[in-house]
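Trainee:
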Amino acid sequence: MNLKTSFDGMTFNNPLMPAAGPLNGDLEKLRFLVEQGCGGITTKTISIKKPKIPKPCIYGDKTFIMNSELWSELPYQTWIDEILPEYVKDKNRPLIISLGYSKEDMEFLVPKVEKFADAFEISTHYVGTDLSVIQDTVKAIRKNTDKPIYMKISPHIPNPEGFAKAIKQAGANGVVAINSLGPTMKIDIDSREIIYGNDKGFVWTSGPAIKPIALATVYKIKQAEPSLTVIGVGGIKTADDVIEFLLAGASAVQMLSSALLMGKTLYSKIIEALPKALKKYGFSSIQEVIDSNLEKHVVYKRSLPVLDEDKCIDCMLCQKICPYFAIDYPGVITFNPDKCFECGLCIAKCPTNAISFKEEG
Ligand SMILES: Cc1cc2nc3c(=O)[nH]c(=O)nc-3n(C[C@H](O)[C@H](O)[C@H](O)COP(=O)(O)O)c2cc1C
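Below you can see the structure in the form of structure tokens.
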């Protein structure tokens with residue numbers, strides 16, 4: 001199965017890359033990600049100032065991670081003198097270097113790391129929401145490199161379509177969508193304390209819980225500016241998630257939090273699972289997914305649920321959750337047509353896929 005994806009002059013053997021964070025923060029980790037088989041490698045965000053990171057700085061829940069990390073704790077000079085020269089010696093896949101944050105930082109950093117990079121990913125996480133500032137940053141980078149520039153959008157930027165238009169005008173090639181969501185909060189009830197967080201008590205949230213926001217952002221950007229490359233990130237944990245992001249408009253994807261929650265070898269597990277997932281959904285390559293048109297399925301006519309009795313295990317979950325009290329059980333699950341609102345929740349939650357919609361004429 002062909003897992004390759006190509007864009008902006010680069011070819012990736014598969015669409016999965018690490019997202020900027022602790023797992024791509026030094027040479028040992030970059031090499032680990034190569035061993036995992038990632039299609040391309042990104043770095044943690046390199047910046048000029050030393051970050052002051054409150055500890056503890058990573059909280060893990062069931063479906064999300066919270067963090068108060070900032071950017072690479074290693075000085076930029078260590079990246080320039082040690083990590084990047086050593087890493088590129090046996091580089092055999094695209095390297096996207098993440099940099100932050102201001103126009104002045106870019107004027108200083110880009111010339112120093114240009115020779116190591118195949119492309120740049122620029123964090124806009126701490127620069128506010130003024131698009132003219134972000135445009136000036138792109139222009140400053142463009143003066144110093146012809147290589148692809150991907151601007152990373154944070155979910156607190158209110159207008160992804162406007163962001164896409166602005167960065168394209170300024171000369172960027174695409175968007176990495178999205179950074180972590182915030183500000184968010186974690187309270188420790190026992191100690192009556194905010195243990196995780198910055199000096200204001202806030203953290204950033206990422207992982208599967210933010211996937212729907214990430215998907216919608218990828219979709220909005222690709223719809224607004226189809227010529228931009230979009231790299232999707234936010235909540236990926238399975239091969240199915242990768243396919244969803246590609247259908248929404250991404251040409252490649254990144255992941256971090258699910259590897260923090262489920263183990264660092266999740267990268268290779270997802271890559272191994274991709275051919276089977278593609279086959280399951282009738283795709284013959286990654287490119288075919290990227291090239292697919294995503295249809296909008298909007299139904300306004302009557303569409304009652306029906307039960308496949310052979311699949312039903314009488315767990316009664318549908319009845320417990322039905323918000324319209326429309327499911328009866330006179331020995332078999334029955335949908336009351338007078339009460340059923342056709343909301344679809346029972347279909348989404350049935351553990352054995354025993355319920356489906358039957359459209360009425
Ligand atoms: C602990 C941690 C550190 C992060 N550090 C960075 C960073 O240095 N630069 C950056 O652009 N994004 C950073 N991020 C955001 C991730 O790259 C990514 O955009 C976000 O977590 C959503 O993807 P995920 O749900 O797969 O983690 C960090 C996220 C976490 C959890």
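Each residue of the sequence shown is one higher than the one before, starting from 1 at the first, in the numbering used here. All residues carry an ideal CB built from backbone N, CA and C; glycine is no exception.
(1) Between which two residues does the alpha helix (DSSP H) containing K349 stretch?
(2) Using the three-state DSSP reduction, which class does V127 fall into: helix, strand or coil?
(3) Taking one C-beta from the segment 125–133 and one from the segment 151–167 each time, how about it: are there three or more such pairs within less than 8 Å?
(4) Span of the alpha helix (DSSP H) holding M106?
(5) Of the choices I270, A170, H125, L266, whose alpha-carbon is the least far from that of I153?
(6) Is the beta carbon of W79 sitting closer than 8 Å to the one on G100?
(7) Hey, S123 and N67: beta-carbon distance below 8 Å or not?
(8) Per the contact definition of three or more C-beta pairs closer than 8 Å, is the segment 52–65 in contact with the segment 256–273?
(9) Determine the DSSP secondary structure at Y76, reduced to helix, strand or coil.
(10) Based on the DSSP output, what are the partners of I97 in its beta bridges?
(11) Identify whether Y59 lies in helix, strand or coil by the three-state DSSP scheme.
(12) Confirm, please, whether the CB-CB distance from I231 to G174 is below 8 Å.
(13) I need the straight-line Cα distance from G182 to D188, nearest angstrom please.
(14) From which residue to which residue does the alpha helix (DSSP H) around F32 run?
(15) With DSSP as the reference, identify every bridge partner of A177, one or two as the case may be.
(16) With the cut-off set at 8 Å, would you say G263 and I221 are in Cβ contact?
(17) Tell me whether Q292 sits in a helix, a strand or coil according to DSSP, three-state version.
(18) Could you tell me if the beta carbon of P54 falls within a distance shorter than 7 Å of some heavy atom in ligand 1?
(19) I'd like to confirm something about S257: is its beta-carbon nearer than 7 Å to some heavy atom of ligand 2, or not?
(20) Use the C-beta contact count for F245: other C-beta atoms within 10 angstroms, 16 or more gives buried, fewer gives exposed.
(21) DSSP beta-bridge partners for T145?
(22) Jot down the residue ranges of each uninterrupted beta strand (DSSP E) in the segment 234–275, minimum 3 residues, whole runs only, in chain order.
(23) Following the continuous beta strand (DSSP E) through E307, name the residue where it begins and the one where it ends.
(24) Report yes if the C-beta distance between P56 and C38 is below 8 Å; otherwise report no.
(25) Find out if the Cβ-Cβ distance for the pair P323, L345 is shorter than 8 Å.
(26) May I ask you to list the residues that DSSP assigns as paired with P18?
(27) Does at least one heavy atom of ligand 1 sit under 7 Å from the Cβ of T78?
(28) Under 7 Å from any heavy atom of ligand 1, does the C-beta of S303 make it?
(29) Could you check which residue in P208, Y87, V218, T184 has the C-alpha nearest to that of L33?
(30) Which partner residues does T11 have in the DSSP bridge list?
(31) Since P51 contacts E28 with CB under 8 Å, what's their CB separation in whole angstroms?
(32) When you compare the CB positions of G40 and F12, do they come within less than 8 Å of one another, or not?
(33) Note the first and the last residue of the continuous beta strand (DSSP E) segment covering T205.
Mentor: Looking at the atomic coordinates:
(1) Counting from one through the sequence shown, the residue named residue 349 turns up at place 349. 345–349 is the span of the alpha helix (DSSP H), which, as asked, contains K349.
(2) Residue numbering aside, residue 127 sits at position 127 when the sequence shown is read from its first letter. If DSSP states are grouped into helix, strand and coil, V127 belongs with coil.
(3) yes
(4) For the purposes of this step, residue 106 is taken as residue 106 along the sequence shown, with counting starting at 1. 103–113 is the span of the alpha helix (DSSP H), which, as asked, contains M106.
(5) Your numbering for residue 153 matches position 153 in the sequence shown. For the residues I270, A170, H125, L266, the minimum Cα distance to I153 belongs to H125.
(6) By one-based count along the sequence shown, residue 79 stands at place 79. By one-based count along the sequence shown, residue 100 stands at place 100. Against a cut-off of 8 Å, the Cβ pair of G100 and W79 comes out as no contact.
(7) What you label residue 123 is simply residue 123 of the sequence shown in a count that begins at 1. What you label residue 67 is simply residue 67 of the sequence shown in a count that begins at 1. No, the Cβ-Cβ distance between S123 and N67 is not below 8 Å.
(8) yes
(9) By one-based count along the sequence shown, residue 76 stands at place 76. Reduced to three states, the DSSP call for Y76 is helix.
(10) Taking the sequence shown and counting its residues from 1, the one referred to as residue 97 is at position 97. In DSSP, I97 forms a bridge with F120.
(11) Within the sequence shown, the letter at position 59 stands for residue 59. Three-state DSSP puts Y59 in a strand.
(12) One-based indexing of the sequence shown puts residue 174 at position 174. One-based indexing of the sequence shown puts residue 231 at position 231. Yes, Cβ-Cβ distance for G174 and I231 is below 8 Å.
(13) Taking the first residue of the sequence shown as 1, we reach residue 182 at position 182. Taking the first residue of the sequence shown as 1, we reach residue 188 at position 188. Those two C-alpha atoms are separated by around 18 Å.
(14) Position 32 of the sequence shown, counted from the start, is the residue given in the question as residue 32. Where F32 is concerned, the enclosing alpha helix (DSSP H) stretches over 27–35.
(15) Taking the sequence shown and counting its residues from 1, the one referred to as residue 177 is at position 177. In DSSP, A177 forms a bridge with I153, G232.
(16) Here residue 263 refers to the residue found at position 263 when the sequence shown is read from its first residue. Here residue 221 refers to the residue found at position 221 when the sequence shown is read from its first residue. Going by C-beta atoms, G263 is not nearer than 8 Å to I221.
(17) Counted from its first residue, the sequence shown places residue 292 at position 292. It is Ser, not Gln, that sits at residue 292 in the sequence shown. Reduced to three states, the DSSP call for S292 is coil.
(18) Counting from one through the sequence shown, the residue named residue 54 turns up at place 54. Result no, Cβ not under 7 Å from ligand 1.
(19) In the structure on display, ligand 2 does not appear, and the ligands it does have are ligand 1.
(20) Start at 1 with the first residue of the sequence shown, and residue 245 comes out as number 245. Result: buried.
(21) Stepping through the sequence shown from its first residue, residue 145 is reached at position 145. Per DSSP, none; premise fails for T145.
(22) 252–255
(23) In the sequence shown, residue 307 corresponds to position 307, counting from 1. The residue you asked about is not Glu; residue 307 is Leu in the sequence shown. Element bounds for L307: 303–307.
(24) Counted from its first residue, the sequence shown places residue 56 at position 56. Counted from its first residue, the sequence shown places residue 38 at position 38. It is not a contact, given that the beta carbons lie outside the stated cut-off.
(25) Numbered from 1 along the sequence shown, position 323 holds the residue referred to as residue 323. Numbered from 1 along the sequence shown, position 345 holds the residue referred to as residue 345. Going by C-beta atoms, P323 is nearer than 8 Å to L345.
(26) On the sequence shown, residue 18 is found 18 positions in, with the first residue counted as 1. Note: P18 sits in a beta bridge opposite M255.
(27) Walking along the sequence shown from the start, residue 78 turns up at place 78. Every heavy atom of ligand 1 is 7 Å or more from the Cβ of T78, so no.
(28) Sequence index remark: in the sequence shown, residue 303 carries index 303 (1-based). Not so, every heavy atom of ligand 1 lies at least 7 Å from the Cβ.
(29) Position 33 of the sequence shown, counted from the start, is the residue given in the question as residue 33. Residue Y87 is the option with its Cα nearest to L33.
(30) Position 11 of the sequence shown, counted from the first residue, corresponds to residue 11. Its beta-bridge partners are S6.
(31) Position 51 of the sequence shown, counted from the first residue, corresponds to residue 51. Position 28 of the sequence shown, counted from the first residue, corresponds to residue 28. About 20 Å separates the two Cβ atoms, so there is no contact after all.
(32) In the sequence shown, residue 40 corresponds to position 40, counting from 1. In the sequence shown, residue 12 corresponds to position 12, counting from 1. Yes, they are a contact pair.
(33) Here the question's residue 205 lines up with position 205 in the sequence shown. It spans 203–206 - the beta strand (DSSP E) in which T205 sits, taken as one unbroken run.
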